[in-house]
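**Q** Take 2 as the starting number for the sequence shown in my numbering and just add one per residue.
Glycine included, each C-beta is placed from N, C-alpha and C at the ideal position.
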Amino acid sequence: REMALLVEQAGWGAHDLRRVSVDAMKSAFLPYDLRRQLIRDVIVPGYAAWEG
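Here is the structure:
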């Protein structure tokens, strides 16, 4: 819901959402290697597919 509001009301795009998603994962309370893996294998490819 929050991301949808950012897109609708603040004009954010995929690049902006990807940046905050990666930053959030870097700050997550997870082991470092798992954070890196999730960024590499889930977040970045997901946004790349969305961006086309």
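E52 to R36, Cα distance in whole Å?
**A** Their Cα atoms are separated by approximately 22 Å.
**Q** In chain order, what residues of the same chain have a beta carbon less than 7 Å from the beta carbon of Q38, not counting five sequence neighbours either side?
**A** Hits under 7 Å: none found.
**Q** According to DSSP, is S22 part of a helix, a strand, or is it coil?
**A** In the structure shown, S22 sits in a helix (DSSP, three-state: H, G or I).
**Q** Determine whether the Cβ of E52 lies closer than 8 Å to any Cβ atom of chain B.
**A** Absent from the structure is chain B; it holds one protein chain and no more.
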